[in-house]
Amino acid sequence: MATQEETFKKMVAHCKEYGFVFPSSEIYDGLGAVYDYGQNGVELKNNIKQYWWQAMTLLHENIVGIDAAIFMHPTTWKASGHVDAFNDPLIDNRDSKKRYRADVLIEDQIAKYEEKIQKEVDKAAKRFGESFDAELFKQTNPRVKEHIEKRDALHERYSRAMNANDLQELKQIILDEEIVCPISGTRNWTDVRQFNLMFQTEMGSTADGAMKIYLRPETAQGIFVNFLNVQKTGRMKIPFGIAQIGKAFRNEIVARQFVFRMREFEQMEMQFFVRPGEELKWFEHWKQFRLKWHKALGLGDEKYRFHDHEKLAHYANAATDIEFQMPFGFKEVEGIHSRTNFDLSQHAKYSGKKIEYFDPELNQSYTPYVIETSIGVDRMFLSIMCAAYKEEQLAGGDTRVVLNLPPVLAPVKACVMPLVKKDGLPEKAREVMDMLKFDFKTTYDEKDSIGKRYRRQDAVGTPFCITVDHDTLEDNCVTIRMRDTMEQERVSISELKNIIAKAVDMKQLLRKLTAEENQ
Ligand code: GAP
C-alpha cells in the first residue's frame, strides 16, 4: 500500500497531468512557489470562491462585498504593522549557501521527536496486538518517555524564544539540537536575522520621485481602509461585514507542499464589525459558522479540528485556526481572529481621519471591534484535492484513479458521449450537450472506447457521463453513469437536467448551512 507521502506526490503529478495546476512559466523551468491553474483547476477554484462568496453575501443581508486594489498607499502597511513586524527569522548555511526559516528548522526537529515516539508506539502495537494501551505505553516505556521529555523541553524553549523575539536564542537552539543543513549536512550556520515578507516595487518614474509601494500581503487592509466608504454608502448598521476575494503576496522563504505555501496566492477574507464588548460572542458565532461551511462539503467531519492560538498577536484577544487533515498532518486552512479595534484605530491615527461609527441605539460613537475570517483559496483547493484523490482497486483486478470531488465543486458536471462516431449519434449527443450547457459546465468526448472515456472523466472528477447510443435515436433515452458508484441507469433525455441539478446545485448546499444555523 502506498504511503501518504507517495499518494500526495501522485496527487500533485495528477494535478499537472489533468490540467488542474501547472508550475508557473514552466517552459523557463518554473518559478519557486508560484503556480498557474489550468483548465480544470480554474473551474474548481471558481466554484470554491462562488461557494464562499454566496455563503457570505447571499445568506447574510448584513454582509456586502468589495474588490479593493492590490496596490495601496504605503502608509497602510506602516499603520497595519506589516512594515515593522511582518517578518520571518532567517538563517543561512555557509557551506550550502541555502537559506532557511529558523523557526521551521526547529519545528521540523520537534516533528522528528514526534516521529520517533510514533515509531515506538507502532512497533509496540504490532507486538502486543489488541490488548495494547498506547497511552500507558507512552507513560511507562523509558525510551518513549525520554523522547517525550526532549520534545516538550524543546517546544517550551522554542516558544519562549519566539515570544521574546530572541534571535540569538533561536540560533543557540539550532546549535544545541545539532540541527544540520539538509543539503550540506553541516552545522556552519550564520546568525538569525529578521526578514520582511512583503514584496516591494516602485510607482511613478524616478524623475517624479518614485514611491516605494508593496504588493499587499493580505486582502484585509483593503477592507479596513474602505470601512467608512462602505458603511456610509451602504447605510450599514453594526453588526455588519465586508467580504473580499483577492490575490495576496508574500516572499515566503520556505515554500513547500505544493500550493500550501505560495508566494502569490488568493485569500477570501471577511471582516465583521461589532460593538466593543460583543466581540467574543461573535468570535464564537463565526468559528461555528465557518466550520459548518467546511463540513457541509462532506469531505469527512473527522478531517477538521480547531487549533486555538496560545500566543496571540498583541492586538488580538482570541484566535483560532480551522485545520484540515492533509497527508502531511493537520494544517491550517483558515484563521478566525478577534482583532479588537486595532486596525481601524491605527488607520485613524496614521491618516488623521476619524474612523468611527455612530450607534443610534446606544446614542454613542465608537471604533468598532472586528472579527476576521480569513481562508486561503489555494489551501482550500489543496484540502479538497487531497480528500478527493483516490486510487481504487476494482473487481476483476482493474484499477482506476478517481476524484471524489463534491459534485457542486467539480470542474465539469457532465460529459456527453456518442457510443460510436457515426450513424447520427454524434449529432444527437451534441443536441443533448446544447440542451445542458446553459445550466452546467458540460464537455463532449467521442474518442476511444467508452471505458477509456469514463476513466478520463473519473480522473477529473466529473460526476456524470451521459452516453448516447442507437436506441437513443428511437426512444430519446440515454445511459447516465455515476462517477462514485459507477452505476448506470437508463433515463429519458428530458429528465437529465433535474438529475444533474439535484446533485450539483449550490443552493442546496447553502440551504444546508442556514438550516443547520437555525437549529
Ligand atoms: N488577514 C489575516 C491573514 O492574512 P493569515 O493566517 O496570515 O491571516 C490567512 O492568512 C490564510 O491565508 C491562511 O489560513 C491560509 O489559508 C492562507 N495563506 C497564508 N499564507 C499563505 C501562503 N503563503 N500560501 C497559500 N496560502 C496562504
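Those letters in the sequence shown? Residues 858 to 1376, by my numbering.
Glycine residues also receive a C-beta, built at the ideal position from the N, C-alpha and C atoms.
From a predicted model like this one, the values you see are computed outputs, not experimental measurements.
Item                                                                                                                           : Value
Beta-carbon contacts of Ala-1176 that lie in its chain and below 8 Å, excluding the five residues immediately before and after : Asp-1165, His-1166, Leu-1169, Ala-1170, Gly-1192, Ile-1193, His-1194, Ser-1195
Cβ distance (whole Å) where Thr-1230 is taken to contact Met-1339 below 8 Å                                                    : 34 Å between Cβ atoms; not a contact.
Proximity below 7 Å, CB of Glu-1109 to CB of Arg-1092                                                                          : no
Contact test: Glu-1180 Cβ vs the ligand GAP heavy atom, cutoff 6 Å                                                             : no
The alpha helix (DSSP H) enclosing Asn-944, as first and last residue numbers                                                  : Here Asn-944 belongs to no alpha helix (DSSP H); instead the beta strand (DSSP E) covers 944-949.
Residue nearest to Met-852 in terms of C-alpha spacing, selected from Ala-1205, Glu-1035, Phe-1122, Ala-926                    : Nothing about residue 852 can be read from this structure; the chain reaches only from 858 to 1376.
Inter-residue CB distance, Phe-1129 and Tyr-1172 (contact presumed, cutoff 8 Å)                                                : With a Cβ gap of about 16 Å, Phe-1129 and Tyr-1172 do not count as contacting.
Lys-1298, DSSP secondary structure in three states                                                                             : coil
Residues of its chain near Gly-1103, where Cβ-Cβ distance is below 6 Å and the 5 sequence neighbours each way are ignored      : Thr-1076
Range covered by the alpha helix (DSSP H) that runs through Gln-907                                                            : 896-914
Identity of the residue in Glu-918, Gly-1281, Val-1277 nearest Lys-1305 by Cα                                                  : The identity of residue 1305 in the sequence shown is Asp, whereas the question assumes Lys. Cα-wise, what sits closest to Asp-1305 is Val-1277.
Asn-1261 and Lys-1279 closer than 7 Å at C-beta                                                                                : no
Of the residues Ala-926, Thr-932, Thr-914, Ile-905, the one placed nearest His-1204, counting alpha carbons only               : Thr-932
Environment of Glu-1374 [buried if 16+ CB atoms lie within 10 Å]                                                               : Unreliable placement is indicated for Glu-1374, whose pLDDT of 49 sits below 50; no coordinate value is reported for it.
Met-1242 Cβ short of 6 Å to the ligand GAP heavy atom set                                                                      : no
Own chain, CB closer than 8 Å to Leu-1085, minus 5 neighbours either side, in chain order                                      : Lys-1210, Ile-1212
Cross-strand partners of Cys-1334 (DSSP beta bridge)                                                                           : Ser-1349
Segment limits, beta strand (DSSP E) that includes Val-1317                                                                    : Run containing Val-1317: none in the beta strand (DSSP E); it sits in the alpha helix (DSSP H), 1307-1317.
For Glu-1126: DSSP bridge partner residues                                                                                     : Gln-1101, Ser-1231
Whole-number beta carbon distance between Met-1125 and Lys-1285, since they are thought to touch under 8 Å                     : Contact flag wrong, Cβ pair sits at about 42 Å.
Chain-order list of residues whose beta-carbon lies under 8 Å from that of Glu-1159 (same chain, five-residue window excluded) : Gln-1182
Span of the beta strand (DSSP E), counted from its first residue to its last, around Arg-1162                                  : 1161-1165
8 Å Cβ shell around Thr-1224 - same chain, five flanking residues per side excluded                                            : Pro-1133, Asn-1198, Leu-1201, Ser-1202, Ala-1205, Ile-1212, Glu-1213, Tyr-1214
Selected residue, minimal CA-CA separation from Asn-919, among Leu-1367, Ile-1099, Thr-1300, Gly-1155                          : Ile-1099
Sequence-distant residues of its chain with Cβ nearer than 6 Å to Ala-959 (five each side left out)                            : Pro-946, Ile-948, Leu-1027, Val-1049
Span of the beta strand (DSSP E) around Ala-1271                                                                               : 1271-1275
Closer than 6 Å: Glu-1075 CB and nearest the ligand GAP heavy atom                                                             : yes
Closer than 6 Å: Asp-945 CB and nearest the ligand FAD heavy atom                                                              : Inclusion of the ligand FAD in the displayed structure is not the case, the ligand content consisting of the ligand GAP alone.
Ser-1062 Cβ short of 6 Å to the ligand GAP heavy atom set                                                                      : no
Alpha-carbon spacing of Asn-1083 relative to Leu-901, whole angstroms                                                          : 30 Å
Assigned secondary structure, Thr-1256 (DSSP; H/G/I helix, E/B strand, else coil)                                              : strand
Status (buried if at least 16 other CB within 10 Å, exposed otherwise) for Asn-1020                                            : exposed
Proximal residues to Tyr-875 (C-beta, below 7 Å), its chain only, five neighbours per side dropped                             : Asn-897, Ala-1316, Val-1317
Which of helix, strand or coil DSSP assigns to Phe-877                                                                         : coil
Distance between Gln-1088 and Ala-925 (C-alpha atoms, nearest Å)                                                               : 15 Å
Where Met-1060 falls, given that 16 or more other Cβ within 10 Å makes a residue buried                                        : exposed
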